[in-house]
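These notes are about the structure you will find just below.
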Amino acid sequence: MNLRCQSCGAELVVAEGLRTTVCPYCAAPSVVERPPSLDRPAPTFALGFALTHQVAGERVKHWLRTRNPWSHSGLKRASLQDVRGVYVPAYLYSARAETHYSASIGENYTETETYTTTENGKTVTKTRTVTKTEWRPLRGQHAEYVPDVLVTASRGLSNPELEHLEPFDLRVLARYEPALVAGWVAEEPSLSRDECLRLAREEALARVGRRLESFMPGDSHRDLKHDTELKAESLDVCLVPVWVLAARYAPDKPPLRVVVNGQSGEVYGRVPVSWVKVVLTVLGVAALGLLLYVLLGQGGRS
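The number in the numbering used here is simply the position in the sequence shown, starting from 1, with 478 added.
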């Protein structure tokens, strides 16, 4: 059954007969059924879970324990039993990139120059070696294949969160079969194909830019400009394994979400700061400083 979370907008696929559940992304208590849409294509590929629930829970527990000391105390009440495995929809993109570029290439050379200075009240002439740069224009073309760009297709899991969990081991990518996700929560794409295509193209162009930066000749370069055309694009839905803990540490605050790469165990999340703890810590340090000042003052008078 296809369900949409009313809180964060994630699209979930749950077992037949279930009309309510707890959203793994925001801990919302219920979701409601949505009508099917042509913009929700079936998955083409899937990656299986390699981490067990126990191991994922231990990773989350360690991550929470090692956060900053001013984290909200409500996080300690988060139950690791609430860590849930979700097959998150993503788009796997690849393309051929053809680029025209231009830049100024710097070649360093040294010269010996003469200068005057004053020593002991006298003007003296000395020499020194200086490095200078000769700039030359460079234009060219570059072509490369940009494979395996992965972008989220979920409103529940943002693209920055997915990027923090990458890389996934795409060598074990398998053709999607319903049996692969049996017994798991599997989410449908809740972002449109056009939205995801835009994200994927942005990442692909950024990769091309970094590649151009890395192979510019000379000792340095500046004013690098490039115009890239992406051709032979492919875009397929891929389900990726993610363990998710959504913990509501305060009724009036958004939930803390910790996500774990279901293959590698990489953990990412944002810990909310408890300003009460910060204020109490500052007051405690100030009180300790005042006490030391008083004690030292009394010792000086005695």
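Backbone N, C-alpha and C define an ideal beta-carbon position, used for all residues, glycine too.
It should be emphasised that the depicted structure is a prediction, and the values quoted were computed from it without experimental measurement.
Spell out the partners DSSP gives residue i in its beta bridges.
i: proline 719; result: Tyr565
i: histidine 578; result: Gln619 and Asp705
i: asparagine 586; result: Thr611
i: glycine 747; result: Val736
i: phenylalanine 523; result: Arg653 and Cys716
i: arginine 606; result: Glu591
Buried or exposed: residue i, going by 16 or more other Cβ atoms within 10 Å of its Cβ?
i: glutamine 532; result: exposed
i: valine 564; result: buried
i: threonine 577; result: buried
i: threonine 706; result: buried
i: valine 738; result: buried
i: phenylalanine 646; result: buried
i: glycine 634; result: buried
i: tryptophan 753; result: The pLDDT assigned to tryptophan 753 is 47, lower than 50, so where the model puts this residue is not dependable; a value taken from the coordinates is nonetheless given after this. Exposed, by the Cβ-count rule.
i: threonine 594; result: exposed
i: valine 756; result: With a pLDDT of 48 at valine 756, under the threshold of 50, the modelled position of this residue cannot be trusted, and the question is left open.
i: glutamine 741; result: buried
i: glutamate 597; result: exposed
i: leucine 766; result: exposed
i: arginine 653; result: exposed
i: arginine 679; result: buried
DSSP three-state label for residue i, please.
i: glutamine 484; result: coil
i: alanine 782; result: In the structure as shown, the chain starts at 479 and stops at 780, and residue 782 therefore has no counterpart that could be examined.
i: aspartate 626; result: strand
i: valine 538; result: helix
i: proline 638; result: helix
i: arginine 735; result: strand
i: arginine 543; result: helix
i: leucine 766; result: helix
i: leucine 529; result: coil
Which whole-angstrom value is the C-beta distance of residue i and residue j, which I expect to be below 8 Å?
i: glycine 535; j: proline 719; result: Between proline 719 and glycine 535 the Cβ distance is about 15 Å, and since that is not below 8 Å, they are no contact.
i: tyrosine 569; j: leucine 643; result: In fact, because the Cβ distance is near 15 Å, the residues do not count as touching under 8 Å.
i: alanine 524; j: tyrosine 503; result: Incorrect: roughly 19 Å between the Cβ atoms, too far for contact.
i: threonine 592; j: threonine 605; result: 5 Å
i: arginine 518; j: proline 667; result: 5 Å
i: arginine 700; j: serine 582; result: 5 Å
i: leucine 669; j: alanine 631; result: 5 Å
i: valine 785; j: valine 538; result: Outside the shown range of the chain, which is 479 to 780, sits residue 785, and nothing can be said about it.
| request: Would you list, in sequence order, the uninterrupted beta strand (DSSP E) runs of no fewer than 3 residues that lie entirely inside the stretch 642-676? | output: 663-666
| message | As an exercise, report each continuous alpha helix (DSSP H) stretch of at least 4 residues that is fully enclosed by the stretch 673-717, in chain order. | response | none
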